[in-house]
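Let me begin by presenting the structure, written as structure tokens, before commenting on it.
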Amino acid sequence: MNEPRPPDISFENVTKSFGAHVVLSGVSMEVAPGEVLCVMGRSGTGKSVTLKLMIGLLKADSGIVRVQDRDVAGLDQEGLSQMRRRIGFLFQGGALFTEFSVNDNLALPLQRFTKKSKAEIDALVQKRLDDVGLGKDREKMPSELSGGMRKRAGLARALVLDPSVLLADEPTSGLDPVTASEIDDLLLRLKQSRKPTMLIVTHDNRSARRLADRLAVLDGGRIVAVGTISELEKSDNALVRALLLTEC
Amino acid sequence: MIVRAALDFLGNLGLFALRAAKLAFVPPFEGDMIRRQVGDIGVGSLPLVVACGFAVGLVISLHTRSSLIRFGAESLIPAAQSVSIFSEIGPLVAALLVAGRVGAGIGAELAGMRVDEEIDAVEAFSIDSFKLLVIPRIVACMIALPLLTVFMDVAGFAGGYAAERAASHISLHLYLDRSFAQIRWVTFVPPTLKTVFFGFIVGLISSWFGYTADEGAGGIGRAATNSVVASSLLIIVADVILVKSIFFLFPGTAI
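In order, the protein sequence lines correspond to chains W and L. Under my numbering, the first residue of the first sequence is numbered 1, with each subsequent residue one higher. Under my numbering, the first residue of the second sequence is numbered 1001, with each subsequent residue one higher.
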């Protein structure tokens, strides 16, 4: 009989404050390998902070954050570096490096962390950009891209090292419904084809309904509800109902 | 309170400078980024430096003429102009211009990267954002500023000649003869090389304000303003020390 696989991501009683402002207060949650967990909540409830704790951009005040069974806080620089290479991070605005072309944004991590030749890197960058529909825009600078294109380029860059975990911070925020739906399509295709573990922070209940295997709702620094969409639709919690039922 | 804040600032800046000095000698050396920055800083500042240099040369000529002519020392005007331009005015004005243009640019650019999470994105790939973004800017300022100073000197010299030519119809040959009669390598090389330190100051201070900026649009504005003010102030303070050091090391330059 197979041993059950440990969760790819786990939070155990995690607390995080900025000065006197408590952002996360005893948060515990798990994301299984290949699962898509969407985290929803009001603005400023620490959703993005949870993502940054996972890749060590922020440190928890207390509690344990584990990624692929390793305690993030206990990793040395080399360990953290290796872990980060297995995680793709799609930032809210794409966070493309403004000084580099789209091509160079994707090529940089490949040049740094793989032994691929220039031709191999060119081919891989082209493939990743084709996947997100930006194959003809590789020489453009980020300033020449629209908001949706920047997010798609950011997604291509997040996937360039073929990560087993993808973290996405508000992938559809600030986009019109059509572009937002295109981003959802990309994430859905990714979920079906490569099956990475995904943790998606979003306000967009349409995205959450399409993508999430489970949903977690953050409020007042705590997880107030976790479950599948159909389970949470039966919740008595007013915030959960508002987040799931309000049109974006 | 103010003293404590000043000490805090200097302490943090000192640690930032030590980190930069240490990491500058650790591979990878980010040659592409340095070349890109030298291009942006050097080529981008060139029209401003040349135009200002020419204007400063004209103004110096007007002042030295009105002063020296009273003492019947009209023949010393080219030498006085060239010595003042090469030994002090050129390096200092070039540094202040670069502090204004480049310092604000670096401060705002890095603060913008902080706000837009670009610095986080670099770190998320386990690439050292300090090495990738800060060190190339500091090194590029140290390379570009001496080169810009040479252009500033030449433009100032040309401005001085233009003013003298208009006032006294002096020939270029005679102007060159009289100018370079007082110029030796110590009049030109050490003052030009001191701008390497000025470049370090501009790169360091503006990178510090940008890299450590608060998030939000206000943080970008503050980083740009503080970069220019602090860089300009420290350049002038450092100039006093560097001029004194040059006089000490090369006594012949102390005219």
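We put the CB at the ideal spot given by N, CA and C, even for glycine.
Open item on the list: Check whether chain W comes within 8 Å of Arg1036 of chain L, counting only Cβ atoms and requiring the distance to be less than that.
Closed with: The beta carbon of Arg1036 of chain L falls within 8 Å of a beta carbon belonging to chain W, placing the residue at that interface.
TODO: Specify whether the segment 1122-1138 of chain L and the segment 1179-1192 of chain L touch according to this definition: at least 3 beta carbon pairs, one from each stretch, less than 8 Å apart.
DONE: Taking one beta carbon from each stretch, the segment 1122-1138 of chain L and the segment 1179-1192 of chain L have fewer than 3 pairs nearer than 8 Å; the two do not touch.
Task: alpha helix (DSSP H) segment containing Met54 of chain W, residue limits - done: Per DSSP, the unbroken alpha helix (DSSP H) holding Met54 of chain W starts and ends at 47-54.
TODO: Could you tell me the distance, in whole angstroms, from the CA atom of Asp176 of chain W to the CA atom of Asp204 of chain W?
DONE: Rounded to the nearest angstrom, the gap between the Cα atoms of Asp176 of chain W and Asp204 of chain W is 12 Å.
- [ ] Taking 8 Å as the cut-off, decide whether the C-beta atoms of Phe1071 of chain L and Cys1141 of chain L are in contact.
- [x] No, the Cβ-Cβ distance between Phe1071 of chain L and Cys1141 of chain L is not below 8 Å.
Open item on the list: Run through chain W and tell me which residues come within less than 8 Å of Glu1118 of chain L, C-beta to C-beta.
Closed with: What Glu1118 of chain L touches in chain W: Ala95, Leu96, Phe97, Thr98.
Task: For Asp1128 of chain L, the nearest candidate out of L:Val1240, L:Val1026, L:Met1001, L:Ser1232 (CA to CA) - done: For the set L:Val1240, L:Val1026, L:Met1001, L:Ser1232, the Cα lying nearest the Cα of Asp1128 of chain L is the one of L:Val1026.
Task: Beta-carbon spacing of Ile1119 of chain L, Ile1089 of chain L below 8 Å - done: No. Outside cutoff.
TODO: Could you work out which residues of chain L lie near Ser81 of chain W, taking near to mean beta carbons separated by less than 8 Å?
DONE: The contact set of Ser81 of chain W on chain L, defined by CB atoms closer than 8 Å, consists of Ser1126 in chain order.
Task: Residue closest to Val36 of chain W, alpha-carbon to alpha-carbon, out of W:Lys151, W:Pro7, W:Ser25 - done: If we check each option's Cα against that of Val36 of chain W, W:Pro7 comes out closest.
Task: Endpoints, alpha helix (DSSP H) assigned at Ala1144 of chain L - done: Membership of Ala1144 of chain L in the alpha helix (DSSP H) is indicated by the continuous run 1135-1168.
TODO: Compare the beta carbon distance of Leu243 of chain W and Leu211 of chain W with 8 Å and say whether it is the shorter of the two.
DONE: No; because the gap between Cβ atoms is not below 8 Å, this pair is not in contact.
TODO: Using three-state DSSP, classify Gly147 of chain W as helix, strand or coil.
DONE: In the structure shown, the three-state DSSP call for Gly147 of chain W is helix.
Open item on the list: Does the structure place the segment 1179-1189 of chain L close enough to the segment 1077-1097 of chain L that three or more beta carbon pairs sit under 8 Å?
Closed with: Yes, the segment 1077-1097 of chain L touches the segment 1179-1189 of chain L.
Open item on the list: Rounded to whole angstroms, what is the Cα-Cα separation between Gly1053 of chain L and Thr15 of chain W?
Closed with: Thr15 of chain W has its alpha-carbon roughly 58 Å from the corresponding atom of Gly1053 of chain L.
Open item on the list: I want to verify the contact list: residues of chain L whose CB lies under 8 Å from the CB of Leu57 of chain W, in sequence order.
Closed with: Residues of chain L whose Cβ lies closer than 8 Å to the Cβ of Leu57 of chain W are, in chain order, Asp1120, Glu1123, Ala1124.
Open item on the list: Quick check on this structure: which residue in W:Val217, W:Ile223, W:Leu106, W:Ala20 has the alpha carbon closest to the alpha carbon of Ile121 of chain W?
Closed with: Ranking W:Val217, W:Ile223, W:Leu106, W:Ala20 by CA distance to the CA of Ile121 of chain W puts W:Leu106 first.
Open item on the list: So, under 8 Å CB-CB, Leu218 of chain W and Gly41 of chain W are touching, yes? Tell me the CB distance rounded to an integer number of Å.
Closed with: Going by Cβ atoms, the distance from Leu218 of chain W to Gly41 of chain W rounds to 4 Å, so yes, they are a contact pair.
Open item on the list: Measuring straight from C-alpha to C-alpha, what distance separates Leu51 of chain W and Arg194 of chain W?
Closed with: Rounded to whole angstroms, the separation of the alpha carbons of Arg194 of chain W and Leu51 of chain W is 21 Å.
- [ ] For my contact list, Arg1101 of chain L and Gly1203 of chain L are in at a C-beta cut-off of 8 Å; report their separation, rounded to the angstrom.
- [x] Actually they are not in contact, since the Cβ atoms of Arg1101 of chain L and Gly1203 of chain L sit about 13 Å apart, beyond 8 Å.
Task: In chain order, each alpha helix (DSSP H) run of at least 4 residues that lies wholly inside the segment 108-178 of chain W - done: Runs found: 118-131, 147-158.
Open item on the list: Tell me the DSSP secondary structure of Ala1051 of chain L in three-state form.
Closed with: Of the three classes helix, strand and coil, the one that applies to Ala1051 of chain L here is helix, per DSSP.
- [ ] Identify the contact partners of Pro109 of chain W in chain L, using a Cβ-Cβ distance below 7 Å as the criterion.
- [x] Under the 7 Å cutoff, chain L gives Phe1125.
Open item on the list: So, with DSSP's three-state summary, where would you put Phe1250 of chain L?
Closed with: It is coil, neither helix nor strand.
Task: chain L within 8 Å of Phe18 of chain W, Cβ atoms only - done: Residue contact check for Phe18 of chain W against chain L: no CB pair falls below 8 Å.
Open item on the list: For the alpha helix (DSSP H) containing Phe1197 of chain L, name the first residue and the last one.
Closed with: Phe1197 of chain L: member of the alpha helix (DSSP H) spanning 1185-1211, first to last residue.
Task: Reduced DSSP secondary structure (H/G/I, E/B, other) of Leu75 of chain W - done: In the structure shown, Leu75 of chain W sits in coil (DSSP, three-state: anything other than H, G, I, E or B).
Open item on the list: Please classify Phe1197 of chain L as buried or exposed, where buried requires at least 16 other C-beta atoms within 10 Å of its C-beta.
Closed with: Buried is the call here.
Task: Residues near Ala1163 of chain L by beta carbon distance below 8 Å, same chain, minus five either side - done: Excluding sequence neighbours, Ala1163 of chain L sits near Gly1057, Leu1058, Ser1061, Leu1062, Arg1065.
Task: chain L contact residues for Arg84 of chain W, given Cβ-Cβ distances below 7 Å - done: Residues of chain L whose Cβ lies closer than 7 Å to the Cβ of Arg84 of chain W are, in chain order, Ala1124, Phe1125, Ser1126.
- [ ] Spell out the partners DSSP gives Lys16 of chain W in its beta bridges.
- [x] Answer by DSSP bridge pairing, in chain order: W:Leu24.
- [ ] Flag Lys52 of chain W as yes when its Cβ comes closer than 7 Å to any non-hydrogen atom of the ligand GDP, and as no otherwise.
- [x] This structure lacks the ligand GDP, and indeed carries no ligand of any kind.
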